[in-house]
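Residue numbers (the UniProt record's numbering): 1 to 428. One structure is given here, and the rest of the page talks about it.
Pasting the structure below:
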């Protein structure tokens, strides 16, 4: 029962008793009885007026409670003229104003942090107490190749990067390599929130920085090597040519001429070898023009067809029937496709197939072969500088492909699928 009801019952009972007593005592003297009844009515009025005054602070408290529950901190109360009540109103209005300012500051800070997280170049994942993702920014969705991350555990995401992160412990930090090309620096941190540990993950892509650092490092070495070899080789060739020109004793002429020819040819091979490295370092920026992927592919397949036929390798062409136009450097892209087809042919001993596919969506081209495939160990280093599985390989081909495609802002992937086919996928 509320205080108001109890007070009303008390006042009504009290005044009823007084009325009955007045009637019993002064029923013979009607003037005194009427005066007494008037006093009782005045007393009732004053009692209810007093009740309203007493209950006013409680109404204020109730209104304040409702306001706080609704988080509406804009409602304030006007003074009533009652000192005690006005003092309470001043305290309430001051508290509401402080809460309003704090709420505004907190919301602004929250919006700022949300915007900062969403637009950060780092991928960020924040997990709840059950290790389910509650916040994932745009970069994290891009790195993990999924737009639907909320509510999932990291080990439930179908991404090689997510699988590697799920195996990391709290406070662990490491660099994760994906497809032998993309590298990510991942950190798993933990904090205590409301007495329970919560994890958050930060993902930083390092691919571009590492590629640039690699190129600067080996570029200097290659330029120095090329300079020294070419200088020495030029002088040696000059001497050899002079000796060859002025002749030898007749009895030794044919034998010495043979060996000098071999030495000169070997020097030229060495020159070509160092020039290959030097040309790779001087790779120019692409000169973009409109080209048809299908036409470019068919042209390169025609060039490589003779080499494929010698190994009894067939081409399966599945290009899109309509032209697929992209902006690219025609010469550089021809180099890329030629190198990929050459690698595909060399990976097949004999009697194999190379499948060439194009799709207009994105657009995309895929060159697949059913050759030896790529092992997991090799896949980790496939685009590393000067890495090659060929006995006489220089490791330049895939580096050149990597740099050309990066300059074209293309997405690419080289892997062996579960069906045994090795695929080089390129998306523009």
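For glycine and all other residues, C-beta sits at the position ideal for the given N, C-alpha and C. This one's a predicted model, so the numbers in the text were calculated from it and none came from an experiment.
- DSSP places residue 364 within a strand segment (E or B) once states are collapsed to three.
- For the pair residue 357 and residue 340, the Cα-to-Cα distance works out to about 13 Å.
- Between residue 345 and residue 406, the alpha-carbon positions lie close to 24 Å from each other.
- By the Cβ rule, the stretch 395-403 does not count as touching the stretch 358-365, because fewer than three pairs are nearer than 8 Å.
- Note that the C-beta distance between residue 336 and residue 401 is below 8 Å.
- Annotation for residue 296: the continuous alpha helix (DSSP H) segment containing it runs 293-310.
- Taking the Cα of residue 414 as reference, the smallest distance to any Cα among 404, 426, 165, 408 is reached at 426.
- Along the stretch 82-141, the alpha helix (DSSP H) occurs as fully enclosed runs of 4 or more residues at 83-118, listed in sequence order.
- Contact between residue 420 and residue 370 holds, with the beta-carbon distance rounding to 6 Å and staying under 8 Å.
- Counting along the chain, the unbroken alpha helix (DSSP H) around residue 397 starts and ends at 397-407.
- Using a Cβ-Cβ distance cut-off of 8 Å, the stretch 121-132 and the stretch 197-205 are in contact, since at least three pairs of beta carbons, one from each stretch, lie closer than that value.
- Here residue 408 is buried: its Cβ has 16 or more other Cβ atoms, across all protein chains shown, within 10 Å.
- Contact between residue 355 and residue 372 does not hold, since their C-beta atoms are separated by about 16 Å, which reaches or exceeds 8 Å.
- Closest by C-alpha distance to residue 294, out of 284, 365, 309, is 365.
- In the three-state reduction of the DSSP assignment, residue 51 falls in the helix class.
- Cβ neighbours of residue 162 within its own chain (closer than 6 Å, five residues either side excluded): 144, 154.
- Out of 76, 14, 69, the CA that lies nearest to the CA of residue 43 is found in 14.
- Distance between residue 104 and residue 146, taken at the CA atoms: about 34 Å.
- With a cutoff of 8 Å on beta-carbon distance, residue 177 and residue 380 are scored as near each other.
- Contact annotation, residue 127 with residue 198: C-beta distance approximately 6 Å; criterion of less than 8 Å satisfied.
- The DSSP-derived three-state label of residue 156 is helix.
- If you draw a straight line from the Cα of residue 298 to the Cα of residue 287, it comes to about 21 Å.
- When DSSP states are grouped into helix, strand and coil, residue 190 belongs to the strand group.
- In the three-state reduction of the DSSP assignment, residue 377 falls in the helix class, which pools H, G and I.
- DSSP places residue 334 inside the alpha helix (DSSP H), whose first and last residues are 330-347.
- With contacts defined as CB atoms closer than 8 Å, residue 326 and residue 428 qualify as a contacting pair.
- The C-beta distance from residue 89 to residue 77 rounds to 5 Å, short enough to fall under 8 Å.
- Sequence-distant partners of residue 196 (beyond 5 residues in either direction) whose C-beta falls short of 8 Å from its own C-beta, in its chain, are 129.
- Cβ-Cβ distances below 7 Å link residue 92 to 60, 64, 77 in the same chain, with the five nearest sequence neighbours on each side left out; the list follows chain order.
- Comparing alpha-carbon positions, the option among 150, 319, 190 lying closest to residue 168 turns out to be 190.
- Annotation: residue 307 to residue 349 spans about 12 Å, alpha carbon to alpha carbon.
- Beta-carbon to beta-carbon, residue 188 and residue 170 are separated by about 6 Å, close enough to satisfy the 8 Å threshold.
- Separation of residue 304 and residue 403 (C-alpha to C-alpha, rounded to the nearest whole angstrom) is 23 Å.
- Assignment of residue 29 by DSSP, reduced to helix, strand and coil, places it in the coil class.
- Within the same chain, Cβ atoms closer than 8 Å to the Cβ of residue 328 are found at 286, 288, 289, 291, 408, 428, the five residues on either side in sequence being excluded.
- In the structure shown, the three-state DSSP call for residue 68 is helix.
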